Amino acid sequence: MNRKIEFYNQYSQCSYNCYSMILDHFLGTPEVLPTEIEFRKALPRGLRGFYGWSPYFQFILKEGNLKWGNSKIKDLKAEPFAVENREPPIINNFRVKIKISIKELEDLRNVILEKLKKGPLIFWVPIAASFELNGKLGNWKNIIKREKDHYTLFIPWNITHCIVMNGFNDNFLIHDCSIRKGNLQVAPNNLILNVIAMNYHPSLKKIREIENNRFHLLIYRE
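Per the working numbering: the sequence shown = residues 22 to 243.
Below, the structure is given as structure tokens:
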């Protein structure tokens with residue numbers, strides 16, 4: 022699947038920009054976009070305090086109360102999924118050391134590509150794209166050390182972020198609203214390693230236990 026995604030970055034919440042890219046992709050561009058308050062109210066009442074958590078887009082679709090032009094968002098389905106490796110990383114402040122084999126990385130890449138055949142994906146990740154590392158723009162190049170089966174990443178834990186993925190050539194094609202020109206080609210290993218790091222985000226212990234690391238969504242139309 023490689024249909025065009027219209028890039029959105031007008032909302033202050035990255036999750037609302039991702040939702041809009043997905044809804045625009047399936048349902049077209051409405052004359053009037055939802056406000057941030059409307060996005061927040063579209064969540065079930067008990068979840069409105071988690072309005073920035075991108076995995077909860079699945080509940081917005083189930084509720085079906087968000088207005089997107091004249092379209093019915095209930096026609097869309099969200100399938101949560103996890104991206105996991107076998108061994109937990111070693112975390113030392115902002116440095117995350119992940120042990121993972123080339124075979125594991127290839128298997129995870131193939132799982133992601135198989136899902137992509139069905140629809141676009143929303144990934145919930147640490148914000149690894151727009152921060153500066155050694156004075157240079159990150160652009161998802163936050164792997165600072167490579168050894169055999171080990172990768173060390175620089176991960177700022179203070180902010181979570183979400184992106185849309187909708188294509189693949191030699192790289193994953195992602196849409197990242199934290200960057201002005203946020204249509205990027207990202208090396209598969211870079212995205213996968215950041216997604217794995219998200220499983221161990223210090224502030225996500227509660228949701229991790231509830232969701233079993235299923236922080237990411239495949240969106241499709243039945």
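By construction, the Cβ of each residue, glycine as well, lies at the ideal position given by its N, Cα and C atoms. Model, not experiment: these values are computed from the prediction.
Counting the other Cβ atoms within 10 Å of the Cβ of L134 gives fewer than 16, which makes it exposed. With 16 or more other Cβ atoms inside 10 Å of its own Cβ, T181 counts as buried. Bridge pairing for L174: V117, I164 [DSSP].
Going by C-alpha positions, F60 is about 28 angstroms away from I176.
Boundaries around Y241 are those of the beta strand (DSSP E), 237-242, since no alpha helix (DSSP H) includes it.
Cβ-Cβ distances below 6 angstroms link M186 to L142, F193, I195 in the same chain, with the five nearest sequence neighbours on each side left out; the list follows chain order. Annotation: L174 to K118 spans about 6 angstroms, alpha carbon to alpha carbon. Contact between the region 72-82 and the region 104-114 is absent, with fewer than three C-beta pairs closer than 8 angstroms. Within the same chain, V146, P147, A149, W161, N163, L174, I176 come within 8 angstroms of N215 by CB-CB distance, once the 5 residues on both sides are set aside. According to DSSP, N204 shares a beta bridge with H196. In terms of Cα proximity to Q206, the closest of H222, F189, Y221 is F189. For the pair K93 and F78, the Cα-to-Cα distance works out to about 15 angstroms. DSSP lists H182 as the beta-bridge partner residues of V146. The straight-line gap separating the alpha-carbon atoms of C183 and R235 is approximately 14 angstroms.
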